[in-house]
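Heads up, the sequence shown is in the numbering used here, so the first residue is 15 and it goes up one at a time. Using N, Cα and C, we set each Cβ at its ideal position, and we do this for glycine too. Computed from a prediction, not measured in an experiment: that's the story for all the values here.
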Amino acid sequence: MLKNTVILVYVCLEFTLSQECSHTSPCTPLKGGLAFKNPSQIHTWVQNLHVRIDVDVHDVTVDWLTVKRRLFNGEFTAPTIWIRAGERIIVTLANNLKEPNPPKPEANKFGFPNTTNLHTHGLHISSQSPRDNPTIVVEPGQQYDYIYHVHPDQQAGTFWYHPHYHGSVFFQVLSGLKGALIVEDNPFLLLPSLEAVSCPLNCEHDLQMVFSLFQYSSQDSGDFSKAQRDIGDYEGFRLNTALDNSDQTLEEWLEDPANNIRYMLVNGLLNPVLQIHPGQMKRFRLINAGEYNTLAIEVVNTIPGEPSCSVKEIAIDSIYLDVPREPRLGRTYLPPGGRADWLVVCNEVGTYEMRSTFYDEDKASMGETHYFTGPIMTIKVSGFPRNSDFPHILPPKPSFLQDLRDVPSE
Ligand SMILES: [Cu+2]
Numbered sequence: 015m016l017k018n019t020v021i022l023v024y025v026c027l028e029f030t031l032s033q034e035c036s037h038t039s040p041c042t043p044l045k046g047g048l049a050f051k052n053p054s055q056i057h058t059w060v061q062n063l064h065v066r067i068d069v070d071v072h073d074v075t076v077d078w079l080t081v082k083r084r085l086f087n088g089e090f091t092a093p094t095i096w097i098r099a100g101e102r103i104i105v106t107l108a109n110n111l112k113e114p115n116p117p118k119p120e121a122n123k124f125g126f127p128n129t130t131n132l133h134t135h136g137l138h139i140s141s142q143s144p145r146d147n148p149t150i151v152v153e154p155g156q157q158y159d160y161i162y163h164v165h166p167d168q169q170a171g172t173f174w175y176h177p178h179y180h181g182s183v184f185f186q187v188l189s190g191l192k193g194a195l196i197v198e199d200n201p202f203l204l205l206p207s208l209e210a211v212s213c214p215l216n217c218e219h220d221l222q223m224v225f226s227l228f229q230y231s232s233q234d235s236g237d238f239s240k241a242q243r244d245i246g247d248y249e250g251f252r253l254n255t256a257l258d259n260s261d262q263t264l265e266e267w268l269e270d271p272a273n274n275i276r277y278m279l280v281n282g283l284l285n286p287v288l289q290i291h292p293g294q295m296k297r298f299r300l301i302n303a304g305e306y307n308t309l310a311i312e313v314v315n316t317i318p319g320e321p322s323c324s325v326k327e328i329a330i331d332s333i334y335l336d337v338p339r340e341p342r343l344g345r346t347y348l349p350p351g352g353r354a355d356w357l358v359v360c361n362e363v364g365t366y367e368m369r370s371t372f373y374d375e376d377k378a379s380m381g382e383t384h385y386f387t388g389p390i391m392t393i394k395v396s397g398f399p400r401n402s403d404f405p406h407i408l409p410p411k412p413s414f415l416q417d418l419r420d421v422p423s424e
């Protein structure tokens, strides 16, 4: 009996010890698996059309790994900002970074890791200061008031925001400075079935999924440690911890391609789990803020051969389609910066995987494009069944987006 107990204790201890990964005793793969969460939500009309965004360095933790990243408002995937057509909005961008920049780089090389600014990706908006002018410079310790006049005819849709200072864009977006920017739908222009899953009236079904590369593997330039070295980032933000019983540092371990530290996060979460009811419709706003990898997003049943969820594309790059459609080839192609809006219904109880999939025949036509293949999110379907109908028609386009193919040339 005593012998059995000793063996059991030993087995349990061994199991616990093997689970304890740390900065001095790293292990792979990272697992994630926390519940899906939208980013924090900012509605401009709730706060007198004035938004404040702070840039600082914060800890970002995935499982046992904690890294230093530049973030907006402390969130890896900044708050989603909801705006309305016709609004005049002030966005105060405060650059609280304290470290001075490394010496000025040669022209068109990486540099200025601590200088920043703000760009509204995709909006029809003036590029004259104090509007969306990407040559505006916000140095460490400074702040700037952007004033945006959102066009009254701006179509509702899914956009995003990120810094656009020449020399540090790639580094800062890879770091985590990014968030969804959404022009709210006018609920009176939506069919009830679409209105039922859209903000402003049904925000709990309106899900933003901002995809970010989280990579240290040195297989290509998505390696964040390499980006830090290239730009001359402050030593204290690097991962130079020495490992136990090894002459490697944590950074060297993370960069070893054999450890494959290369994931596509959703709102800063690794493989989050979204829980929905059978038959319940959700709106997914997919944003590829993953810097330079193309994605081809699909939802598959985790039991091979079993049917998956129904997915309809309703908007591409913030422009509504005429009618909902199934993704061509079963996947939605999202280049870097690209967006797509989906309506999703899973009729059967089960576990599904949202993933990015490229086949060999795709690669032949993709040239030098970088792409990401792998799981991104888990969808668990359980509970009381619900009933949902896809809308049969989508909101009208604004005057400047009419189809010109049938307009006479004169
Ligand atoms: Cu952009």
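- In summary, residue 285 is buried, with 16 or more beta-carbon neighbours lying within 10 Å of its beta-carbon over all protein chains present.
- Non-local beta-carbon contacts of residue 224 in its own chain, meaning distances under 6 angstroms to residues more than five positions away in sequence, involve 91, 194, 281, 301, 303 in chain order.
- Annotation: residue 175 to residue 362 spans about 36 angstroms, alpha carbon to alpha carbon.
- Separation of residue 95 and residue 64 (C-alpha to C-alpha, rounded to the nearest whole angstrom) is 11 angstroms.
- With 16 or more other Cβ atoms from the protein chains shown falling within 10 Å of its own Cβ, residue 241 counts as buried.
- The residues 134, 135, 136, 137, 194, 195, 196, 197, 332, 353, in chain order, have a CB closer than 8 angstroms to that of residue 173 in the same chain once the five nearest residues on each side in sequence are set aside.
- Taking the Cβ of residue 135 as the reference point, at least one heavy atom of ligand 1 falls within a distance shorter than 6 angstroms.
- Spanning the alpha carbons of residue 101 and residue 163 requires a straight line of approximately 6 angstroms.
- A direct Cα-Cα distance of roughly 5 angstroms separates residue 80 from residue 74.
- Residue 152 is bridged by DSSP to 130.
- If you look at residue 353, you'll find it isn't in any alpha helix (DSSP H); it sits in the beta strand (DSSP E) that goes 353-359.
- For residue 283, same chain residues with a beta-carbon under 8 angstroms away, outside a window of 5 residues either side, are 46, 48, 50, 51 in chain order.
- Just so you know, the alpha carbons of residue 418 and residue 410 end up roughly 15 angstroms apart.
- The beta carbon of residue 269 sits closer than 7 angstroms to those of 230, 231, 232, 237, 239, all from its chain and outside the five residues before and after it, given in chain order.
- If you draw a straight line from the Cα of residue 125 to the Cα of residue 182, it is about 6 angstroms long.
- Judged by DSSP in its simplified three-state form, residue 140 adopts coil rather than helix or strand.
- Within 6 angstroms of the C-beta of residue 351 there is at least one heavy atom belonging to ligand 1.
- The bridge partners DSSP lists for residue 389 are 369.
- With contacts defined as CB atoms closer than 7 angstroms, residue 263 and residue 256 qualify as a contacting pair.
- Distance between residue 116 and residue 400, taken at the CA atoms: about 57 angstroms.
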